[in-house]
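Taking it in order: structure first as structure tokens, then the write-up.
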Amino acid sequence: MSEHEFKGLIGQPLDRVEGPLKVSGRATYAADWRGDKPHLIGFIVESPVAKGRITSIDTRAAEACEGVKAVVTHENAPKQIPFGERAKGGRFAQSHAMMRTNEVRHLGYPVALVVADTLEQARHAASLVKVEIAAEEGVFDPETHEDEAVKPDELDGSPEVDTETGDFEAEYEKAAHRVEGEFHTPHQHAAAMEPHATVAEWDGDKLTVHMSIQILGDGRKAFANTFDIDPQDVRIVSPYIGGGFGSKLGVHNEAILAAHGAKLTGRPVRIAQHRRNVFSNGPNRPPHRQRLKLGADANGKIVAIDHDVLSIMARDYPFAEAAASPTRGSYATKAMRTKHRVVEGDIPKADSMRAPGEAVGTLTFESMIDELAHSCGVDPVEFRVRNEPEKDPHSGKPFSTRKMRRCLQEGAEKFGWKGPVSRREGDWLIGHGMAAAIRPNLMQKAEAEIELSTDGHVTVRLDMTDIGTGTYTILTQIAAETMGVAPEYVTVKLGDTDFPETCGSGGSFGAGSTGTAVFEAAKALKEDLLKRAAKADSEWKGANSKELRIDGANIALGNRSLPIAQLGDGSGGISAKGAAKPGKEYKTMAQYSYGAQFAEVAVDAVTGEIRLRRLTGVFDAGRILNEKTARSQLMGGMIFGIGAALMEESLMDLRYGAFMNRDLAEYHIAVNRDVPRLDVHMIEGFDENSNPLGSKGIGELGICGAGPAIANAVFAATGHRVRKYPIHMEDLMDALPPIGG
Amino acid sequence: MTPFSYSRVADDKAAVAAVSGENAKFLGGGTNLVDLMKHEIERPETLVDVSRLPHEEIEKTKDGIRIGAAVTNSALAADPVVREKYPLLSTALLSGATQQLRNRATTGGNFLQRTRCQYFYDTQRACNKREPGSGCDAIGGLNRFHAILGASENCIAVHPSDMAVAMVTLGADIETVLPQGGVRTIPADALHRLPGDTPHIDHQLAQGELITHVVLHKAPEFQMYRKVRDRSSYAFAVVSIGIAFDLLEGHFLKIRIGLGGVAHKPWRAARAEEVLEGKAPSRALFEKAADAELAEAKGQGDNDFKIPLMRRLIVASLMEMTEKQEKAA
């Protein structure tokens, strides 16, 4: 443990190192990028039908417009590998072909791309493209097509699609307390502030794209697999990302289209999806129907859990959300059964959105647990403590670290939990509710390069991304502390496939995985520096590299010092590489981050309007790498949870497969006034089984449990269980007291 | 976006002349029109910017105020006289949109904002308001936000304005300049129309007719505006209500009620007013008034809840106001 002293820079609430660039408009997001050649602008013509074949397309009027340089359609699009092929590397790396044939894949699918000098020209010309489509009947809704449901090959983040331990039917039958319910959660869109945007440019067979993407390595493979070119001929640059939340894990439609436009015109082409585009040409979280059955014995011990999930998957895009994932790791039980089925549909890509699995899974499961606690007559906090497992309920593996009990107990204390309080204040019905939070802790492969220049400046390079989470900052802290240098002397460079490959941002694995790679690189560099020092001066032999520090243009250790310039070969700086990969502890142990969330809601007794009054979250995410950015991550997650409970839903007209609320006036997320003071607490810790830094994933933890805590508080306030999300005023209309009552 | 010409004009006369032709529109704050143009829902060939015309003053009149049509929603909501004498209007304005939008949006333009019906906004779907004769996909579709009163088989859209509901409740008069010259005054509750067979026509202004002022008369003693919404800011009303009245010896005098989120226009609850006028407040009376107003209310499926919700809101709002008044007395 001495190697990981809880002092120094790591953990400090350092301000975002790129903050000044962002608040002064100098951070170059994808669409801000300008190269040597002036770029053209692309505008997408969307299909009005969800499924069918283009029978004719007339682009003459568009092509005749001022400024128009090309109109891309399936008739002239560059050669591509069929969509969905070369899927061995996963859905992010598979072919993302667009307009390869006359097939329309979903509503809003691009049927043409107009490329012009200006946005206005492109947009106007796009309105003049005439397309005829032989429409076919599509599949948009899993429930009406349940008979076509299949078992997916795997779940997102889990190879096990179905699980069974113990004899559910027998235990459920014997249970003293039984609850069951069917829940519905809707499509959602991440609705990141920055829409999906790309500037693409070809140089012969070499493609360079400046785009907003979370995982560059897979993105590079996607372009290579789409255009049948060598991945080494693809360069992706993505230094700043205005929010991802999973919606930019892979390449999305505008990226491939920009490459098409660039190919046809021989010029760089920029496409920034407009907000309505994002709802059809970006990904969505699929809707779920979840059926839950829970049983407990007379002592309030859970004995039986059954979680059955039905969802929808976009055709040829294998993503099945593991909604029962939190169920598998939460509570001790004698028997447990989980099952996932999907229907293949003609919808825009269903994909990861913040905490895939847990976000929708805790919404329902933790709501049902609340119901079971009530049925048992046990306080919901006590009920959860009582059912804490000693080992992973599904796999039987030991936990790496698990501080769920502390989260529950400290949360109750900080919130002032006195049970599911229900009281009236004038026209407001007040209720308290709580829920547990759980999210798998993951580790992925990552590499990093670190370089020490002769003037003592440290530069770190890796193709990791900062999607607003604070990656630049934590990597600066890790590099600075490990190298023994002030953070001002560290420059972190991210988001370029020319740098060593990493796992990118996603699944809350970015900080731990890439932080470890940087940590290892820095350690390696220090060891190398000592070796070099010992060669130059025998006095340095046998010194401990951990005590080495950088002091101006010198390396220093105790009172010894040596110019860096004397250590290299004279060609400049000295560099080293480091790598991270999941250790065996990810096979032998069950790894999760944890939390507990407590909510107070007020329901208007006249109208049923629901307003959150306060939300307290206590979290166990191992070692905190930056107190400020970690807190922001958790707060952001909790705010997502407010949206999931009360607002967020992408409404699809199932007659057409059309999302209808395609802008931020109609797609509601929580606004400032919906977010009361959020109490965020982090339990200090160090998970030595997770990674050398001792951290666990934090980016998605805050959303887990926030929604069901709110829903459980709504129940406390009104006495009414709502089994659909988001919960709206009309869902409570029958539960409201009479006027004046 | 269809190419268009943009011009500024020196005065009202030039403005109405410039917009009297087909396919010309006035541009105020542009907070709605410009969005609609980007998505090809509105395709004017000529835009005449009237936001710089000298209609940015709020003048006191003998018994009220006269508001220039270019006064922004922010300025109007913050005006000391409005806040003191017409708190219903100030509350309604502040419950609409966001600070940034209110800083741009104008008084005249607010009246003329178009529906937020999602089918109106989606040029790929049928909408009689956007494309006369194409049909109405909201009927039988997603219609949680739609009308329960005064709808037709051609259109079930609602008018989204909070301010207009307040103006109807306050009995405001709208002054306009006519394209052929001359001026006229239109009561706020007569400005908008029901959809009938011509849902593409929102209001009774002639092509090129320009709103120049809105006049508010003697302020009613008791006023309230309440908006019911899915989130606490930046959300259109699910339903809303404005109430204004005086009391004469404990009886309602000149009571006016405006309802939002229920119809193609800011809905004046004339039937409820009729039940209440001249009567002493009582819960039974309020219920009778609400029932009278909603007797012909019709849900479309998703929005069925608006009928019981509106009933609860009418009764509860009247009770709250009269209880407050009793306490004060």
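So the sequences go chain by chain: A and B. Going by this note's numbering, the letters in the first sequence line up with residues 403 to 1143, in that order. Going by this note's numbering, the letters in the second sequence line up with residues 0 to 328, in that order. The beta-carbon is built from N, C-alpha and C at its ideal position, and this holds for glycine as well.
Residues near residue i in its chain [Cβ-Cβ closer than 6 angstroms; skip 5 each side]
i         : result
Lys983(A) : Lys847
Val332(B) : This structure cannot speak to residue 332(B), because chain B is shown only from 0 to 328.
Thr899(A) : Leu618, Arg622, Arg637, Ile638 and Asp865
Ile254(B) : Phe244, Glu272, Leu275 and Glu276
Gly108(B) : Gly27 and Gly28
Val314(B) : Phe285, Glu286 and Ala289
Same chain, Cβ closer than 7 angstroms to residue i, five either side skipped, listed in chain order
i          : result
Ile1129(A) : Ile1012, Ala1047, Leu1048, Ala1113 and Val1116
Ser449(A)  : Val506, Leu509, Gly510, Tyr511, Val513 and Ile535
Ala432(A)  : Ala599, Thr600, Val601, His612, Met613, Ser614 and Ser640
Ala146(B)  : Ile155, Ala156, Val157, Val261, Ala262 and His263
Separation of residue j from residue i, as counted between CA atoms
i          : j          : result
Gly134(B)  : Tyr1058(A) : 15 angstroms
Asn1093(A) : Thr867(A)  : 19 angstroms
Lys94(B)   : Asp632(A)  : Going by the sequence as given, residue 94(B) is Ser instead of Lys. The straight-line gap from Cα to Cα measures roughly 56 angstroms.
Leu87(B)   : Leu694(A)  : 48 angstroms
Glu405(A)  : Thr875(A)  : Reliability fails at Glu405(A), whose pLDDT of 38 lies under 50, so the model's placement of it is uncertain and the value that follows must be treated cautiously. Going by the C-alpha atoms only, they are around 21 angstroms apart.
Gly170(B)  : Gly427(A)  : 47 angstroms
Pro670(A)  : Phe445(A)  : 14 angstroms
Ser497(A)  : Thr1009(A) : 50 angstroms
Asp303(B)  : Gly1045(A) : 24 angstroms
Val157(B)  : Thr197(B)  : 14 angstroms
Ile869(A)  : Glu790(A)  : 34 angstroms
Gly606(A)  : Gly437(A)  : 17 angstroms
Thr97(B)   : Tyr233(B)  : 6 angstroms
Glu768(A)  : Thr565(A)  : 19 angstroms
Ala850(A)  : Leu877(A)  : 11 angstroms
Ala1137(A) : Leu831(A)  : 11 angstroms
Ser754(A)  : Glu1051(A) : 15 angstroms
Ile1141(A) : Thr475(A)  : 60 angstroms
Ala329(B)  : Asp301(B)  : Outside the shown range of chain B, which is 0 to 328, sits residue 329(B), and nothing can be said about it.
Under the three-state DSSP convention, the category residue i falls into
i          : result
Leu932(A)  : helix
Arg143(B)  : coil
Ile254(B)  : strand
Phe801(A)  : strand
His690(A)  : strand
Thr766(A)  : helix
Pro782(A)  : helix
Asp607(A)  : coil
Asn679(A)  : helix
Thr918(A)  : helix
Ile1041(A) : helix
Chain A contact residues for residue i, given Cβ-Cβ distances below 8 angstroms
i         : result
Arg311(B) : Val1008, Thr1009, Leu1138 and Ile1141
Arg129(B) : Within chain A, no residue comes near Arg129(B); the closest Cβ sits about 14 angstroms away, beyond 8 angstroms.
Leu308(B) : Thr1009, Gly1010, Met1131, Glu1132 and Met1135
Neighbouring residues, chain B, relative to residue i (Cβ below 7 angstroms)
i         : result
Leu659(A) : The premise fails here: Leu659(A) is roughly 19 angstroms from chain B at the closest Cβ pair, so nothing lies under 7 angstroms.
Ala814(A) : Here the premise fails: no neighbours, minimum Cβ distance about 27 angstroms.
Amino acids of chain A, ordered along the chain, whose beta-carbon sits closer than 7 angstroms to that of residue i
i         : result
Asp229(B) : Met1049, His1070 and His1130
Ala234(B) : His1070
Chain B contact residues for residue i, given Cβ-Cβ distances below 8 angstroms
i          : result
Ala1060(A) : Asp121, Gln123 and Arg124
Cβ shell of residue i (< 8 angstroms), same chain only, five flanking positions each side left out
i         : result
Leu765(A) : Phe585, Thr587, Ala1046, Ala1047, Gly1109, Pro1110, Ala1113 and Tyr1127
Ala205(B) : Leu177 and Pro178
Glu987(A) : Ser802, Gln993, Asn1091 and Ser1092
Under 9 angstroms by beta carbon: chain A residues contacting residue i
i         : result
Met318(B) : Ile1141 and Gly1142
Closer than 9 angstroms at the beta carbon, the chain B residues around residue i
i          : result
Leu1053(A) : Gln117, Leu141 and Arg143
Val1073(A) : Thr97, Arg230, Ser231, Ser232, Tyr233 and Ala234
Query raised in the report: How do the region 805–819 of chain A and the region 993–1005 of chain A stand: do at least 3 beta-carbon pairs fall below 8 angstroms, yes or no?
Result: The region 805–819 of chain A, when compared against the region 993–1005 of chain A, does touch it at the 8 angstroms Cβ threshold.
Requested in this report: Report yes or no: do three or more beta-carbon pairs, one from the region 912–929 of chain A and one from the region 1095–1115 of chain A, lie closer than 8 angstroms?
Outcome: Taking one beta carbon from each stretch, the region 912–929 of chain A and the region 1095–1115 of chain A have 3 or more pairs nearer than 8 angstroms; the two touch.
**Report entry** Three CB pairs or more closer than 8 angstroms across the region 116–133 of chain B and the region 95–108 of chain B
**Finding:** They do not touch, by the three-pair rule.
Query raised in the report: Just checking, does the region 724–744 of chain A make contact with the region 757–765 of chain A on the three C-beta pairs under 8 angstroms criterion?
Result: Contact between the region 724–744 of chain A and the region 757–765 of chain A is established, with three or more Cβ pairs separated by less than 8 angstroms.
Requested in this report: Please determine if the region 554–564 of chain A and the region 480–491 of chain A are in contact, where contact requires at least 3 C-beta pairs separated by less than 8 angstroms.
Outcome: Counting Cβ pairs under 8 angstroms, fewer than three are found: no touch.
Report task. State whether the region 713–721 of chain A contacts the region 736–755 of chain A, with contact taken as three or more CB pairs (one from each stretch) at a distance under 8 angstroms. Result -> With the cut-off at 8 angstroms, the region 713–721 of chain A and the region 736–755 of chain A touch.
Query raised in the report: Touch check for the region 1120–1128 of chain A and the region 1060–1069 of chain A: three-plus C-beta pairs under 8 angstroms?
Result: With a cut-off of 8 angstroms, the region 1060–1069 of chain A and the region 1120–1128 of chain A do not count as touching, because too few Cβ pairs lie within range.
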